[in-house]
Amino acid sequence: MDYPMEESNIRYTGITQATSDLGCADGDLSFSHNLISQNGGMRPIVLPDAEFTLGEGERLVYIHVMSQYKNYLVTTTDGKLGFYDQDFQYELIEGFSGADSILSVSSVGNTVIVFSDEGMHYLLYRDGSYEYLGQKPPETVISFSLTGKSQVLVKSTGSNSGQSLWMIQKNSGDESWSEPVRVSREAEDVHTGDWKTYVFRKAHLDISGIVLPNKPTGNDPVPDGWSDFPDEKGGGWCICIGSVNNADGTIAWSDVYMADDKYGQGSVKFRFFANSSADEAPPCDRSATNPEGWLSYPPSVNTDEDSVFSVSLSDGFEESEYKLLEADMLDRIELSDDDKTTVSTDVLGKAALWVYEATKENKFVYPFFVRYAYRLYDGSYIMQSAPLLMVPNSSGRPAVIINRMTGKDGNFKTLYYQVVGPHVELEIHKLVLGEGLEKWKDIVTGIDIFVSEQFYNYLPNGQLEYLYSREKYAYKDAYTISRLDNYSNFGSYMYTYQKLPVLSAEALYGTSVMEIDDEEQYLLGSIVIDLPEVEDAQGDYLEKIRSNGLFYLFKSYSIDPDDEDYLKEGTVEADENQLRNLNLQKTLPDDYQTHDLIKPLYAFAYNQRLNLANVRRELFDGFPAEMQVGYNVFFMGSEIMELKNYYTIFIYVHAGDGEDIIVSQPAGEEVYYFTDYLFYPDPNAYKAVIIQGGYFNQAAEIQLTEHKSLNGAYWFSGFKAGPVYESISPADVPVASANREIVEKNKIYTSEAGNPFYFPLGGINTVGVGEIRGISSTTRALSQGQFGQFPLLVFATDGIWAMEVSDTGLYSVKQPMSRDVCTNPQSITQTDGAVVFVSDKGLMVVDGSNVDLLSAELDGPSFDPQTVDRLHDVLAKENLLEEVGDQVPVKDFLEGCRIAYDYPNARLVLFREGSPYAYVYSLNSRTWATMSANFVTEVTDYPNSYLQRTTGEVVNLSQKQDYDDTGKEVRIFLLSRPMKLGDDALKTVNAVVNRGQMRRMEGAVMVFASHDGMNYVPIGSARGYRVTRLQGSPYRYFRVAIVRDMHIGESLAQTSVYFTRKWRNKPR
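So this is what it looks like as structure tokens:
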């Protein structure tokens, strides 16, 4: 008997290739074009209508969305960048070029970051337009100097009302001094007869020597420009005596004389004494050559008491011993044990007071560092300057100089001393704001100046032991780089007095601290009290300078010219008590490579932080010489002359691959000199070559040392001889490297939250040892209950790494999740709770701690359309030949694909630019299909995903579609894999009926059959939804093809195949 007709209802799945044709299930498909399994049926893949259309040659690269706006950034074929606003009005972004080399675009807040081969480019959106800022803020050059006075400690401050200045005079040929006369005037002075007025004025100096002021004219007892007492500290005072006719008030003025013996005695000598009495003259031995207590210069009368302190000794010194020390015939003499305690208590207290007087006025006395940095809108700092060593006093201690000693019977028991040294203010000597910095005003809100603590070189609570001959004093060569208003030694070429010239022999260009002030004769004294040194004095003192890494806020400036605290040249006016309370101020975090130009291959914005990976870092050129020196100046007449020269600095940096990179900052337009300290912000820098002179005629080589506390390398002279220069030929001058890039393939830079301009050291992570290919994030926990459970995923050549969020909001590398390697970085795509990417295996998904293969069904041999007879003709007739009949192997397709995520339908669209088809994967049904495609790019604005067609149309994949819209349809094509319909016995297919919600008479159905499962021939076809009345020879394997137009509301539920088995036991 005959077998009855059987029915098999086949539900289609999707494209498969993994199983063989003989092992695949009925319902697996070779082609499922524009048709995918969804909600229990096969539904057409119909894209939404285009949201907008771009102009010819325009390409969508980014969508910048904030609560108030939505802008579409596009590039043009001529390399320009522009944008369309939400009203679709176009505007070109001026200043930016090279749009054709864009790698990616990201944003944080109203800042858009464009990544290209040249690095990062910042665009700021404000007032309805984008302004191109540049790649980083421009460098600002600030040169610092010190200015002030050599300050002697005084007992109290006030006016001259409580003190009188007395004078004696000896003309040439006189045997004795005149009677003391009070030369300072009091308001209550009454003259009953003719009288004399004594007025003072400073001389000035020009290249020809000392120039005395012209004598006064007129009848004013104190003429303009003159004073009746020396009202400033410092030497160089002149005196003029006026004889006043009390009857008519006329004055006859004398010649002008130098009042200070140091500057030439001339025909008249003067001696001065200050006391607190306006009536009682001080004692004076008029017959003595130098009357005791009388000074050969006029002291400034501006204190209630003078500046000489005294201390009484228990034992004291023999006069002969003291005289030997004073004559440099002894190196030192030791105080007795009792006197050590007495002198230490008195002198160290005065030294502390001398420091206090300076710091309460924000004045510096010891070496310190200064540096500045850009302050950003969130309070962070970038592009810090090199630490600049400022030297008010290289010895790190005040000078305590004995004025005189007195006693009786050859034993000196009263010691008179003064505490002196520079009290200086920090000054901005020269300022050159970075060109174009005003564009960055919303980002760079100011420039802040920071200083270190001062470095001192004595124990404030130690014990004094010796008096030293000044010539044998360890710190007699101490120097300052300060400009001191009361300094009047102008160079050894003019005066033989000073033992060190203004320009020191070691090319330190420092002024001698021991010779800086000629206000008081103590500086001509020959004996010094040495303060007790710190342990291992020089080593500890210098080591503090070498290792210092703490900088405290000293002054904040604005870069807005309209602000009151606008940055300008001149004295740095810090807040009251800023220096005294320095350690309570905000500290400057260490700078990490913010001067370098960062060029990442990959970037990912997450949680308002910008993450950069696979970085090329172009090294900073280095700081110009004018930023690395403290300016020293000296008076030449009324002008201030700078000590100048040209300097070019070449820095050698180990690149890490055995090669060196040489960077250089050429000499600026002005000329400069070099001092004690040099810094480069990279610890791998190991050497510097300094070229001196405009024609590269001299060079010095110095070795750099990695800094213990800062990210950088430095050289420090130790206050010894500076760089040694030797002649050099032009051929031997170093050449800066053409390629200054250091490649960091396995590093990730993470910015501060909400600040894509600053990448702190704590946000830099090294991931494995491979090369990072991309970054993404997931919102599904790696494990339950962990802190920072939603990690950042890093795709590298040594696997996938998870970076968890720390309590600071930054990341730390936790562990490798998988050894799967992403081979196509542009395929990395974030979905709702997972991340998909392409590896050698195929399309992968990271979901929580699991990494699975999504494209396992496609891992097999590609279908060959030539095995189905007449299929080529069908595809050509239906205009599907290019989309369906000419597909490349799946593996090749995945290697260059990009992925768009269809959020409402939970589908992935894998496309290649220029390909007429794309693969579609349904995350819900876990099935594959293809679709018609002419896409060129994809831009994500989560949850929206935009696809741009070659025609310029831009489609939002995530737009929810209306299934009742029957006007939108697409041509679908379906070809099943071999259907076995049970076993492989011979069968005759009698009818094929497609069942679903669709138009009955639309399209066509074709049936192909095969005996061997490899080559198929058509056995029937019909228009509409079914093929019936099929007869003829039986076959073992069958394929069903469907081609038709379907609108979005239609679906194919299943295909019913009716067939009849053939007898197996009947001979044929």
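Read in order, the letters of the sequence shown correspond to residues 1 to 1068 in my numbering.
By construction, the Cβ of each residue, glycine as well, lies at the ideal position given by its N, Cα and C atoms.
In this structure, how does DSSP classify residue i when only helix, strand and coil are distinguished?
i, result
"Tyr356", "helix"
"Arg185", "coil"
"Leu29", "strand"
"Lys747", "strand"
"Ser452", "coil"
"Thr587", "strand"
"Lys202", "strand"
"Asp941", "strand"
"Leu986", "coil"
"Asp893", "The residue you asked about is not Asp; residue 893 is Phe in the sequence shown. DSSP places Phe893 in helix when its eight states are reduced to three."
"Tyr191", "What sits at residue 191 in the sequence shown is His, not Tyr. Coil, per DSSP."
"Gln786", "Its pLDDT being 48, under 50, Gln786 is placed unreliably by the model, and the measurement read from it follows with that caveat. Here Gln786 sits in coil by DSSP."
"Pro825", "helix"
"Leu324", "helix"
"Ala386", "coil"
"Ala753", "coil"
"Val152", "strand"
"Arg11", "coil"
"Tyr541", "helix"
Just the Cα atoms here: how many angstroms apart are residue i and residue j?
i, j, result
"Val724", "Tyr652", "18 Å"
"Arg1073", "His1011", "The shown model of the chain, from 1 to 1068, leaves out residue 1073, and the question about it has no answer."
"Met120", "Gly630", "34 Å"
"Ser312", "Leu415", "6 Å"
"Ile800", "Ile1019", "51 Å"
"Leu854", "Gly833", "15 Å"
"Ser164", "Ile443", "59 Å"
"Val365", "Thr359", "8 Å"
"Thr111", "Pro791", "24 Å"
"Arg182", "Asp279", "8 Å"
"Ser803", "Ala18", "First, the amino acid is wrong: residue 803 is Met here, not Ser. Cα-Cα distance, rounded: 34 Å."
"Tyr903", "Glu569", "58 Å"
"Ala281", "Trp177", "14 Å"
"Leu553", "Ser547", "19 Å"
"Trp195", "Ala259", "20 Å"
"Tyr377", "Thr445", "6 Å"
"Ile428", "Asn461", "35 Å"
Hey, residue i and residue j: beta-carbon distance below 9 Å or not?
i, j, result
"Pro681", "Leu710", "yes"
"Ala386", "Met627", "yes"
"Asn994", "Ile1042", "yes"
"Arg926", "Val936", "no"
"Phe270", "Pro298", "yes"
"Lys472", "Asp331", "yes"
"Trp440", "Gly128", "no"
"Ala906", "Ser945", "no"
"Asn214", "Val268", "no"
"Ile772", "Val794", "yes"
"Ala688", "Ile728", "no"
"Pro422", "Gly236", "no"
"Ser777", "Leu910", "no"
"Phe31", "Phe757", "no"
"Asn755", "Ser145", "no"
| query | Counting Cβ pairs closer than 8 Å, one from the region 52 to 65 and one from the region 893 to 903, do we hit at least three? | reply | With the cut-off at 8 Å, the region 52 to 65 and the region 893 to 903 do not touch.
| field | Whole runs of the beta strand (DSSP E) within the region 393 to 458, excluding any shorter than 3 residues | value | Runs found: 399 to 408, 411 to 432 and 444 to 451.
| said: Taking 8 Å as the cut-off, does the region 592 to 607 touch the region 740 to 759 (at least 3 CB pairs, one atom from each stretch)? | reply: As far as the Cβ criterion goes, the region 740 to 759 touches the region 592 to 607, which means the pair count is three or higher.
| Does the pairing of the region 732 to 748 with the region 367 to 374 give three or more beta-carbon distances under 8 Å? | At 8 Å Cβ cutoff, the stretches do not touch.
| request: Taking only runs that begin and end inside the region 1006 to 1064, name each unbroken beta strand (DSSP E) of 3 or more residues, in chain order. | output: As summarised for the region 1006 to 1064, the continuous beta strand (DSSP E) elements at least 3 residues long and confined to that stretch are 1017 to 1023, 1037 to 1047 and 1051 to 1061, given in chain order.
| query | Would you call the region 576 to 590 and the region 607 to 627 in contact, with 3 or more CB pairs under 8 Å? | reply | Result no; under three Cβ-Cβ pairs closer than 8 Å.
| said: Quick test of the definition: if touching needs 3 or more C-beta pairs under 8 Å, does the region 390 to 405 touch the region 572 to 583? | reply: The region 390 to 405 vs the region 572 to 583: no contact.
| request: Flag this pair as touching only if the region 971 to 979 and the region 1043 to 1062 have three or more C-beta atom pairs under 8 Å; answer yes or no. | output: Here the region 971 to 979 makes contact with the region 1043 to 1062; the two share three or more CB pairs at distances below 8 Å.
| task | Would you list, in sequence order, the uninterrupted beta strand (DSSP E) runs of no fewer than 3 residues that lie entirely inside the region 948 to 984? | result | With a minimum length of 3 residues, the continuous beta strand (DSSP E) runs that stay inside the region 948 to 984 are 953 to 956 and 969 to 976.
| said: Could you tell me which whole alpha helix (DSSP H) segments of length 4 or greater appear in the region 847 to 908? | reply: Qualifying alpha helix (DSSP H) stretches, in chain order: 871 to 877, 881 to 884 and 890 to 895.
| said: Tell me whether the region 445 to 460 and the region 558 to 568 touch, counting them as touching only if at least three CB pairs, one residue from each stretch, are closer than 8 Å. | reply: Pairwise C-beta distances place the region 445 to 460 in contact with the region 558 to 568, as three or more of them are shorter than 8 Å.
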